[in-house]
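In the UniProt record's numbering, the protein residues as written are 1 to 265.
Glycine residues also receive a C-beta, built at the ideal position from the N, C-alpha and C atoms.
The structure appears below as structure tokens.
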Amino acid sequence: MIISSTAPLLFFDSGVGGLSVLGPTRALLPSAPTVYVADSAGFPYGKRSEAEIASRVPALLGRLVERFRPRLAVIACNTASTIALDHVRSALDVPVVGTVPAIKPAAEQSRSRVIGVLGTEATVRQPYVDDLAARFAADCTLIRQGSPALVELAEAKLSGGAVSVADIAAATKPMFAADRGAQIDTIVLACTHFPLLADELRAAHPGVALVDGGPGIARRIAFLTRGQPWPEAPPPGIAVFTGEPPSPALAAALARYGLHEVQTL
1 MIISSTAPLL FFDSGVGGLS VLGPTRALLP SAPTVYVADS AGFPYGKRSE
51 AEIASRVPAL LGRLVERFRP RLAVIACNTA STIALDHVRS ALDVPVVGTV
101 PAIKPAAEQS RSRVIGVLGT EATVRQPYVD DLAARFAADC TLIRQGSPAL
151 VELAEAKLSG GAVSVADIAA ATKPMFAADR GAQIDTIVLA CTHFPLLADE
201 LRAAHPGVAL VDGGPGIARR IAFLTRGQPW PEAPPPGIAV FTGEPPSPAL
251 AAALARYGLH EVQTL
């Protein structure tokens, strides 16, 4: 199939979390045309039923692929990926890259063998996470916490709100208060929103390593698009919202990721 140099990479998330995947991808592929989609009308996915996500995400991505004709689609959302990735791949005729918790690299570096898995409530309970733990971290204790509060804090931060270290410590307290929680030396950021809070998380939990899948996903995108043509300079990136358009503060944050045009769906 002949791919146009102007065919974009399409990133999809429930909100702004997928920017933590877009950022490292832009660093590897600086000329790539980009469309970023926030399903703000469906946000937050972590509180929705699995059946709703499994039907909503493929339908939305089908409309988006028809509209933007991307060369590749990225589900930059752990919840949507763990629930709907297979449905999306069967429905679309473009390559689809998913986002899964980075349990393997976390297990490779943990010394205490006690790992925190911090995600949405929907992600941390998925059998997919059980499988990753059995395959790559069988000798580790995984302490899982679903934290809708952190998702909201990440959204607030990108919209210009103040997020304190105390807010982060309070939101993650249940994980460290659990049995063996004091031994956690590595945290898997199993929600793409959470790397946007990396500075605050490090301040709240000094000495604890944070692991997320963003850089690995970026490398996967670069591998799948190797040899394809790119424009000499990227056109302005497009941000698409399914709900209300972004606030001026959020629009300014999107521009820092190369997303200068805002559309609604």
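*Candidates ALA255, GLY258, ARG220, GLY227, of which the one nearest ALA76 by Cα*: Scanning ALA255, GLY258, ARG220, GLY227 for the CA closest to the CA of ALA76 turns up ARG220.
*Kindly identify the DSSP beta-bridge partner or partners of THR34.*
In DSSP, THR34 forms a bridge with LEU9.
*Ordered along the chain, which non-local residues of its own chain (more than five positions away) have a Cβ less than 7 Å from that of ARG69?*
ALA7, listed in sequence order.
*Based on Cα-Cα distance, which residue from ILE168, LEU153, SER164, ARG226 lies nearest to LEU72?*
A check of alpha carbon separations from LEU72 across ILE168, LEU153, SER164, ARG226 identifies ARG226 as the nearest.
*From the DSSP output, read off the bridge partner residues of VAL188.*
VAL188 is bridged to VAL117, VAL211.
*In the DSSP assignment, find the alpha helix (DSSP H) that holds VAL21 and state where it starts and stops.*
From DSSP, the alpha helix (DSSP H) with VAL21 extends over 19 to 28.
*So who's on the other strand from LEU153, going by DSSP bridges?*
Among the bridge pairs identified by DSSP, LEU153 is matched with none.
*From which residue to which residue does the alpha helix (DSSP H) around GLU261 run?*
Looking at the DSSP string, GLU261 is not in any alpha helix (DSSP H); the run it does join, the beta strand (DSSP E), is 259 to 264.
*Would you check if there are 3 or more beta carbon pairs closer than 8 Å linking the segment 138 to 145 to the segment 111 to 118?*
The segment 138 to 145, when compared against the segment 111 to 118, does touch it at the 8 Å Cβ threshold.
*Whose C-beta lies closer than 7 Å to the C-beta of PRO105 among residues of the same chain, with five residues either side of it excluded?*
Correct list, in chain order: VAL211.
*asked:* Helix, strand or coil, according to DSSP, for VAL97 in the structure here?
replied: In the structure shown, VAL97 adopts extended strand secondary structure according to DSSP, grouped into three states.
*asked:* Please list the terminal residues of the continuous beta strand (DSSP E) segment that includes ARG144.
replied: Run containing ARG144: 141 to 146, per the beta strand (DSSP E) assignment.
_Considering only the alpha carbon of each residue, which of ALA252, PRO234, PRO246, ALA253 lies closest to THR34?_
Comparing C-alpha distances from THR34 to each of ALA252, PRO234, PRO246, ALA253 shows the shortest one belongs to PRO234.
_Closest to PRO206 by C-alpha separation, out of VAL165, LYS47, GLY258, LEU189, would be which residue?_
Measuring from the Cα of PRO206, the nearest candidate turns out to be VAL165.
*Leaving aside the five residues before and after HIS87 along the sequence, list all residues of the same chain whose C-beta is less than 6 Å from its C-beta, in chain order.*
Non-local beta-carbon contacts of HIS87 in its own chain, meaning distances under 6 Å to residues more than five positions away in sequence, involve ALA54, PRO58 in chain order.
*Is there contact here, the segment 106 to 114 with the segment 151 to 167, by at least three beta-carbon pairs under 8 Å?*
For the pair of segments examined, the segment 106 to 114 was found not to touch the segment 151 to 167: the number of CB pairs separated by less than 8 Å stays below three.
*Residue from PRO245, VAL114, GLY258 whose Cα sits closest to the Cα of ASP179*: If we check each option's Cα against that of ASP179, VAL114 comes out closest.
*Mind checking who PHE241 pairs with in its DSSP beta bridge?*
Paired residue(s): ALA38, THR264.
*Taking C-beta to C-beta, are VAL100 and LEU250 nearer than 9 Å?*
Their beta carbons are not under 9 Å apart, which means VAL100 does not touch LEU250 by this criterion.
*Near PHE43, which residues of its chain fall below 6 Å by C-beta distance, leaving aside the five closest residues on each side in sequence?*
Contacts found: SER14, GLY15.
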